[in-house]
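Per numbering that gives the first Met the number 0, the sequence shown starts with residue 0, numbered consecutively.
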Amino acid sequence: MLISVVIPTYNRLPILRKCLDALEKQILNDEIYNFEIVLVDDGSTDGTVDWLRDNFETYPHLRIFEQSHGGAALGRNLGVEKSKGELIVFIDSDLIVDRSFLRSHVDSLLKAWKKLGNRKCFTYGSVINTSNFKNPNSEPFKLQDLSWAYFATGNVAIDKKVLEISGLFDISFRLYGWEDLELGERLRNMGVKLIKCPRAIGYHWHPALAIEQIPKLIRIEKERAKMGLVFYNKHPTLRVKFIIQYTFFHRFLWEFLTLGGLINTNTLRPLLAFLIKNGQSSLAMELLRLPLNLIGVRQIFREASLIGLR
């Protein structure tokens, strides 16, 4: 079996190098005769493509493609189009996988295909969040690492033909968020089953929270709100309303927990700075999620009212 690992990337060269290094160290089995890394650069300006081409011999499985900056959905679609494998594995460019990553996905899929009598399923691996850049795979699994998503492209494997029948990713998701979960809704409607694959472990690196990141995090929440409505317009169900937090329950919840917005990104700054200074950036991030969720929920209701959506 030839596996195609599809990775979109944008201005992430330092962690991308770790991602590619980990993939090149894979321990394969008899079912996998080879794999390719299909990297789609989404218009990076940090020298990603030049560096990779200068160090091409380091990554024998790597194939590079470029596109103008158009978002992860467009990049993943291009990666699938250029792929040669019968099995597609999606990861993000800030994910560092363990040595048995590909083998674990394949083992679980082969068992599922045999049991189902078809290939209408996908495997969903474990994602462990970490801010440890030097040694990301030393991070233990935490309660916060649990995911209830049906299909998330941080760590999934799926038969290429099944994926193509689904229609691939909707490129109208040009801002941050939801393009993978929207595809997941279509896969669910096709009867494609989720197979948990906890042995396929990836360590999702992101920098420890810094006060300077707050404006970017606010921008992301507002983008997620806009893309959430694109998601809901395609799938106007109660389930999707809950996924994107477009319900009065969520509005009440985050208004209540932030005392109507009195607990916000400005009033929290001194406490966040104190926690960060004392090595508690994870706790600081959990506190910051309170006003960030309120910003997102308020934004989605605001956007919905502008377009007359109920």
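Cβ coordinates follow ideal geometry from the N, Cα and C atoms, glycine included.
For the alpha helix (DSSP H) that contains Ser130, what are its first and last residues? Taken as a continuous stretch (DSSP letters only), Ser130 belongs to no alpha helix (DSSP H), as it is neither H nor E.
Determine contact between the segment 0–13 and the segment 78–89, defined as no fewer than three beta-carbon pairs at a distance below 8 Å. Yes, the segment 0–13 is in contact with the segment 78–89.
Tell me where the alpha helix (DSSP H) around Trp112 begins and ends. Residues Phe100 to Leu115.
Phe168 by DSSP, collapsed to three states: which one? Coil, per DSSP.
If you follow the alpha helix (DSSP H) that Ala156 is in, where does it begin and where does it stop? Ala156 -> not in any alpha helix (DSSP H); beta strand (DSSP E) instead, spanning Asn154 to Asp158.
With distances taken Cα to Cα, identify the nearest neighbour of Lys24 among Val229, Tyr58, Glu302 and Gly183. Nearest option by C-alpha distance: Tyr58.
Is the beta carbon of Tyr149 sitting closer than 8 Å to the one on Ile219? Result no, Cβ atoms of Tyr149 and Ile219 do not sit closer than 8 Å.
What are the start and end residues of the beta strand (DSSP E) that includes Glu222? Per DSSP, Glu222 is not a residue of any beta strand (DSSP E); the alpha helix (DSSP H) it occupies stretches across Ile213 to Lys233.
Go ahead and pull the three-state DSSP assignment for Val48. Helix.
Measuring straight from C-alpha to C-alpha, what distance separates Gln279 and Asn128? CA-CA distance, Gln279 to Asn128, rounds to 15 Å.
What residue range is occupied by the uninterrupted beta strand (DSSP E) comprising Phe64? Leu61 to Glu65 is the span of the beta strand (DSSP E), which, as asked, contains Phe64.
From Ile6, Val161, Pro214 and Leu252, residue whose alpha carbon lies closest to that of Ile95: Considering only alpha carbons, the answer is Ile6.
DSSP beta-bridge partners of Val96: Within the DSSP bridge table, the entry for Val96 names Gly201 as partners.
Cβ pair Phe121, Val191 closer than 8 Å: Taking 8 Å as the Cβ cut-off, Phe121 and Val191 qualify as a contacting pair.
Based on Cα-Cα distance, which residue from Trp177, Leu186 and Ile63 lies nearest to Ile164? With distances taken between Cα atoms, Ile164 lies closest to Leu186.
If the criterion is Cβ atoms closer than 8 Å, does the pair Val30 and His60 meet it? Residue identity differs from the one stated: residue 30 is Glu in this sequence, not Val. No. Outside cutoff.
So, is His205 buried or exposed, given that buried needs 16 or more other C-beta atoms within 10 angstroms? Counting the other Cβ atoms within 10 Å of the Cβ of His205 gives fewer than 16, which makes it exposed.
Skipping 5 residues on each side, what residues in its chain have a beta carbon closer than 6 Å to that of Leu15? So the list reads Thr8 and Ser92, once near-sequence residues are dropped.
Give the list of continuous alpha helix (DSSP H) stretches no shorter than 4 residues that lie fully inside the segment 228–296. Fully contained in the segment 228–296 are the following alpha helix (DSSP H) runs of length 4 or more, in chain order: 237–243, 247–256 and 268–276.
What residue from Phe89, Ala72 and Leu228 has the CA that sits closest to Glu178's CA? For the residues Phe89, Ala72 and Leu228, the minimum Cα distance to Glu178 belongs to Ala72.
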